[in-house]
Amino acid sequence: MSANLQVLISVTVLLGLVSCEPVFDIKDPAFIEGCVREHNRHRTSVRPSAANMRYMTRDEGLAWAQAWARFCVFKHNIHLREVKRMHPIFTSVGENIWAGAPYSSFKPESAVKSWVDEVRDYHYDTNQCTKVCGHYTQVVWADSYKVGCAAQACPNGVAETRFSTQPGVIFVCNYATAL
């Protein structure tokens, strides 16, 4: 094989590796454990502490968040409130969505933290929000004990975001019982 052909093949392979979009495997034990651990870490840090906070575990059915994430649109699933449409056991399912760009901006821990940071707009005494805090309340809702998360690389951007024309990631977590 000629030296020029070897260089051409090497460059082609390297460009393919560099431009590949990430693949997020919802069955990857490290991804699952990271998502569940991060939720429980924040749930156990709630102040004042909850007397009845349940430990959260993964639910395979809720990991169908992947089906919605594949649309690469920053909007809630239109079927969330349809009884048993989202899950065979739970009558309703809650949902949090995070999106970011570039691909390297995504880490499950950072996405969950961004939801939990909404605590600044939540007032425990009145159970009211001064701004958006529904993501926070869903993460720390004491009766939620199941979660399923999924991430999707969106090479053409995440619609309904300010970075809709550049490659990004959408991260969706579904919860039961729902808030």
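Numbering (mature numbering (1 follows the signal peptide of the UniProt record, and there is no 0)) for the sequence shown: -20 to -1, 1 to 159.
Ideal Cβ positions, reconstructed from N, Cα and C, are used throughout, including at glycine.
When DSSP states are grouped into helix, strand and coil, VAL112 belongs to the coil group.
Taking a 10 Å sphere around the C-beta of TYR35, we find fewer than 16 other C-beta atoms and assign the residue as exposed.
The beta carbon of SER144 sits closer than 8 Å to those of GLY137 and VAL138, all from its chain and outside the five residues before and after it, given in chain order. Under the three-state reduction of DSSP, HIS67 is assigned to coil, being neither helix nor strand. In the displayed model, LYS126 falls within a strand according to three-state DSSP. Rounded to whole angstroms, PHE151 and VAL16 show a C-alpha spacing of 14 Å. Secondary structure at HIS56: coil, using DSSP grouped into helix, strand and coil. Counting along the chain, no beta strand (DSSP E) covers GLY14; the unbroken alpha helix (DSSP H) around it starts and ends at 9 to 23. Contact check for LYS55 against GLU1 fails: the beta carbons are separated by 8 Å or more. Contact between the stretch 98 to 107 and the stretch 4 to 19 is not established, with fewer than three Cβ pairs separated by less than 8 Å. Taking the C-beta atoms as reference points, THR37 is found nearer than 8 Å to TYR125. Counted as a single uninterrupted DSSP element, the beta strand (DSSP E) harbouring TRP78 occupies residues 74 to 80. Less than 8 Å divides the Cβ of ALA130 from the Cβ of ALA43. Inclusion of TYR155 and VAL73 in the CB contact set at 8 Å is warranted, their separation being smaller than that value. Looking at the DSSP output, ILE150 shares a beta bridge with ALA79 and GLN132. Taking a C-beta distance under 8 Å as the contact criterion, VAL119 and ASN57 do not qualify as a contact pair.
If you ignore the 5 residues before and after PRO68, its C-beta comes within less than 7 Å of the C-beta of GLY41, all in its own chain and listed in chain order.
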